[in-house]
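Worksheet for the structure shown next.
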Amino acid sequence: MSDSNQLWTDVDHYFAELFVGADATLTNALASSSAAGLPDIAVAPNQGKLLHLLVRMNRARRVLEIGTLGGYSTIWMARALPADGQLITLELNAKHAAVARANFEGAGVASKVELREGAALCSLQELVREKSAPFDFVFIDADKANIPGYFEFALLLTRPGSVIVVDNVVRNGAIIDPDGSDASVQGVRQFNTMVAAEPRVTATALQTVGVKGYDGFAILLVVEPHRTA
Ligand code: SAH
Ligand code: DHB
Ligand code: MG
Numbered sequence: 007m008s009d010s011n012q013l014w015t016d017v018d019h020y021f022a023e024l025f026v027g028a029d030a031t032l033t034n035a036l037a038s039s040s041a042a043g044l045p046d047i048a049v050a051p052n053q054g055k056l057l058h059l060l061v062r063m064n065r066a067r068r069v070l071e072i073g074t075l076g077g078y079s080t081i082w083m084a085r086a087l088p089a090d091g092q093l094i095t096l097e098l099n100a101k102h103a104a105v106a107r108a109n110f111e112g113a114g115v116a117s118k119v120e121l122r123e124g125a126a127l128c129s130l131q132e133l134v135r136e137k138s139a140p141f142d143f144v145f146i147d148a149d150k151a152n153i154p155g156y157f158e159f160a161l162l163l164t165r166p167g168s169v170i171v172v173d174n175v176v177r178n179g180a181i182i183d184p185d186g187s188d189a190s191v192q193g194v195r196q197f198n199t200m201v202a203a204e205p206r207v208t209a210t211a212l213q214t215v216g217v218k219g220y221d222g223f224a225i226l227l228v229v230e231p232h233r234t235a
């Protein structure tokens with residue numbers, strides 16, 4: 007680890023200790039994920055708290071998550087919901103889904119969380135077909151090559167005032183290489199171009215450093231598109 011990475015990590019620990027604190031439920035969720043062999047790619051504790059705060063700030067009652075893993079980010083967001091709130095989370099990998107379901111039970115959020123197993127694009131199509139009520143908050147954090155498709159569905163499943171957050175939009179800075187062949191980077195670049203041209207959202211993106219290295223979030227607000235006629 008480089009010196010700057012070590013410093014980012016130390017500062018993340020400093021903030022997590024102050025603003026997140028010891029949380030046995032979340033620690034257990036990460037431990038059971040790790041024990042089951044899931045990759046260590048959940049959001050950092052202070053990032054999970056950011057998602058939690060954004061859900062609360064927007065008084066969201068319905069949350070959609072694309073990419074569950076062991077449910078760490080899910081638990082953070084589910085805890086931000088009112089008693090009658092609902093979170094639907096989409097996961098392709100059956101093992102990840104099983105670990106996440108157990109973690110939702112352990113965290114006491116299972117009654118608010120519905121995990122739909124399968125390819126997210128199929129589950130999203132299903133939500134559209136069901137005429138799902140709009141989601142107030144969407145967190146996109148699955149396979150990066152499909153982010154453009156997830157964004158299209160997010161627009162169909164939200165309303166003006168909804169917030170869409172997308173993880174991993176910086177990827178160590180690889181995002182600014184227009185010639186890169188990496189499908190993940192191409193997916194994020196195409197998404198960024200779509201967002202810039204999309205009148206139904208206004209957006210920004212932030213670079214982050216810390217225990218998860220150098221990456222970033224895009225944050226979008228769904229707006230009423232301006233009418234020209
Ligand atoms: N949001 C989680 C991390 C998600 S990691 C957290 O912060 O705690 C990305 C997840 O997306 C992995 O579990 C992976 O299995 C899942 N995934 C990858 N491709 C997918 C697809 N096509 N549909 C649904 N989930 C997918
Ligand atoms: C990966 C996915 C993520 O969502 C993340 O936050 C970090 C890494 C990955 O697939 O490598
Ligand atoms: Mg991520």
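Using the working numbering, the letters of the sequence shown correspond one by one to residues 7 to 235. Even glycine gets a Cβ: it sits at the ideal position worked out from N, Cα and C.
Below 8 Å on the Cβ atoms is my contact criterion, and I expect residue i with residue j to pass it. Report the Cβ-Cβ distance as a whole number of Å.
i      : j      : result
Arg107 : Ala86  : Going by Cβ atoms, the distance from Arg107 to Ala86 rounds to 20 Å, so no, they are not a contact pair.
Val144 : Ser168 : 7 Å
Gly216 : Asp18  : 4 Å
Gly76  : His102 : 7 Å
Leu163 : Ser190 : The pair is not a contact, with the Cβ atoms about 23 Å apart (cut-off 8 Å).
Ala42  : Val105 : 5 Å
Ser79  : Ala48  : 6 Å
Check residue i in the structure and name its three-state DSSP category.
i      : result
Val134 : helix
Phe143 : strand
Leu57  : helix
Leu162 : helix
Arg206 : coil
Asp185 : coil
Ile153 : helix
Val201 : helix
Asp173 : strand
Val26  : coil
Leu13  : helix
Val191 : helix
Arg67  : coil
Gly43  : coil
Ala148 : coil
Within a Cβ cutoff of 6 Å, which residues of the same chain sit near residue i, ignoring the five residues on either side of it in sequence?
i      : result
Pro140 : Thr164 and Arg165
Pro205 : Pro231
Leu212 : Gly222 and Phe223
Val175 : Val194, Ala211, Gly222 and Ala224
Excluding the 5 residues preceding and the 5 following residue i in the sequence, name in chain order all residues of the same chain whose CB lies nearer than 8 Å to its CB.
i      : result
Val207 : Leu161, Ile170, Val201, Leu226, Leu227, Val228 and Val229
Lys118 : Ala84, Leu87, Gly91, Gln92 and Leu93
Sorted by chain position, which residues of the same chain lie with C-beta nearer than 7 Å to residue i's C-beta, five sequence neighbours on each side aside?
i      : result
Asp188 : Ala180
Could you pull out every unbroken beta strand (DSSP E) segment of at least 3 residues lying fully inside the segment 70–124, listed in chain order? 92–97 and 119–123
Check whether the segment 63–75 touches the segment 142–159, counting contact only when three or more Cβ pairs, one atom from each stretch, lie closer than 8 Å. yes
Contact between the segment 204–224 and the segment 40–54 is defined here as three or more beta-carbon pairs at a separation below 8 Å; is this criterion met? yes
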